[in-house]
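Residue numbering for the sequence shown follows the working numbering, beginning at 105 and increasing consecutively.
Built from N, CA and C at the ideal position, the CB exists for glycine as well.
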Amino acid sequence: MTISSFIKCLLLAVVATTEVQSFFTIAPTTATNANTAAVKNTLSDKQIIELAKDYVTNKNGFYKPIDADAHAEDFVFRGGVVGPLNKADYAKTMTKLGIAEAFDLDPNAFGFCVDPQVKNTARFYVRYTGRQVKNWKVAGTPFDIPPEEGNKRPIVGPTESFCVQFNDEGKARFLTISAPMAFGNPEQPSTGQLGAVLGLFNHVGLEVAADSALNSNVRRLGNAAADLLPDEVSPPRTSSKREDLPTWWKEH
105 MTISSFIKCL
115 LLAVVATTEV
125 QSFFTIAPTT
135 ATNANTAAVK
145 NTLSDKQIIE
155 LAKDYVTNKN
165 GFYKPIDADA
175 HAEDFVFRGG
185 VVGPLNKADY
195 AKTMTKLGIA
205 EAFDLDPNAF
215 GFCVDPQVKN
225 TARFYVRYTG
235 RQVKNWKVAG
245 TPFDIPPEEG
255 NKRPIVGPTE
265 SFCVQFNDEG
275 KARFLTISAP
285 MAFGNPEQPS
295 TGQLGAVLGL
305 FNHVGLEVAA
315 DSALNSNVRR
325 LGNAAADLLP
335 DEVSPPRTSS
345 KREDLPTWWK
355 EH
């Protein structure tokens, strides 16, 4: 099955109930700290910033292979359309996506600061650049994109804002990424108006894959397949089962 046929099958399966969700839709929110006054951090500002710099470059699974030990057992990832994902599902999803293996990307992170109202939390910006170095294979899908596709032009991502919270032991407890900034970038992104993995789909010419990932019904279908198929052939999950999420996570 070709990639285009695979995507068409997914779209046909949900065409009767299609409800495309924009990447720029504001995701349901959760309070990581109920107190709106300044909080008392258990890590110093310097520690929080250094942990965040190391995490975004080396630990989170996008730029380097996932470091599961750098994540707390009650970790949650929540993006604009992907998530919430618990620690186990996030690690599997990042591994199945295979970005760190297929690309040599630099986050070019900047603007680090410590949030004064959310415990042990750093906020900063990312604007990734780089190139594809190996075939990009996404587990559980027919995607097998050669470097020739990714290197037709330099990879230039948009500006994206990140937020990562650490527990008392310095492990990541919460990670969220905002919608990419459509304006104010130093140069035109090669990823269209999308960032993260969806931006890479755009960059290599798989706009249909990026568009389908924005469809909530396609994501539900993918999660259903992940529930039914053996792990070695299942596609990446885009959200965890509600009962598998840490008790602290509440969307509202």
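Applying the 10 Å Cβ sphere with the 16-neighbour rule, what's the burial state of residue i?
{"i": "T245", "result": "buried"}
{"i": "V308", "result": "buried"}
{"i": "G288", "result": "exposed"}
{"i": "P132", "result": "With a pLDDT of only 44 at P132, under the threshold of 50, the placement of this residue in the model should not be trusted, and no figure is reported."}
{"i": "R346", "result": "exposed"}
{"i": "S316", "result": "buried"}
{"i": "P250", "result": "exposed"}
{"i": "K144", "result": "exposed"}
{"i": "S344", "result": "buried"}
{"i": "R235", "result": "exposed"}
{"i": "L147", "result": "buried"}
{"i": "L332", "result": "exposed"}
Which stretch, first to last residue, makes up the alpha helix (DSSP H) that contains residue i?
{"i": "S320", "result": "320-332"}
{"i": "S316", "result": "311-317"}
{"i": "D348", "result": "Per DSSP, D348 belongs to no alpha helix (DSSP H) and is neither H nor E."}
{"i": "V230", "result": "Where V230 is concerned, there is no enclosing alpha helix (DSSP H), although the beta strand (DSSP E) it sits in stretches over 225-230."}
{"i": "L201", "result": "191-201"}
{"i": "G254", "result": "251-254"}
{"i": "Q151", "result": "149-158"}
Could you check whether residue j and residue i sit closer than 8 Å to each other, using their CB atoms as the reference points?
{"i": "A213", "j": "K275", "result": "no"}
{"i": "S338", "j": "A330", "result": "yes"}
{"i": "P340", "j": "L201", "result": "yes"}
{"i": "T199", "j": "I152", "result": "no"}
{"i": "F207", "j": "V237", "result": "yes"}
{"i": "V222", "j": "Q297", "result": "no"}
{"i": "F216", "j": "A156", "result": "yes"}
{"i": "V218", "j": "D158", "result": "no"}
Using C-beta distances below 6 Å, list every residue in its chain close to residue i, excluding the 5 sequence neighbours before and after it, in chain order.
{"i": "M285", "result": "P262, T263"}
{"i": "D248", "result": "N239, K241"}
{"i": "P334", "result": "none"}
{"i": "A176", "result": "N271, K275, R277"}
{"i": "C267", "result": "R227, T280"}
{"i": "A142", "result": "P220"}
{"i": "P290", "result": "none"}
{"i": "F166", "result": "I203"}
I'd like the list of long-range same chain contacts for residue i, defined as Cβ closer than 7 Å, with 5 residues on each side in sequence excluded.
{"i": "E253", "result": "V308, G309"}
{"i": "S294", "result": "R257, P258, I259, V260, H307"}
{"i": "D178", "result": "R277, P350, W352"}
{"i": "V301", "result": "L201, I203"}
{"i": "T342", "result": "V186, R323, G326, N327"}
{"i": "N255", "result": "R235, Q236"}
{"i": "Q314", "result": "Correcting the residue identity first, residue 314 is Ala in this sequence and not Gln. Within the same chain, A314 has close Cβ partners L298, L302, F305, N306."}
Within the continuous beta strand (DSSP E) that includes residue i, where are the two ends?
{"i": "L279", "result": "276-281"}
{"i": "E264", "result": "264-270"}
{"i": "L298", "result": "Segment: none, L298 is in no beta strand (DSSP E) and carries neither H nor E."}
{"i": "E177", "result": "175-182"}
{"i": "T233", "result": "233-236"}
{"i": "G215", "result": "214-218"}
{"i": "D208", "result": "207-210"}
Closer than 8 Å by C-beta to residue i: which residues in its own chain qualify, once you throw out the five before and the five after it? Chain order, please.
{"i": "K168", "result": "T161, N162, A204"}
Three-pair Cβ contact test at 8 Å for the stretch 217-228 versus the stretch 181-201: No contact exists between the stretch 217-228 and the stretch 181-201.
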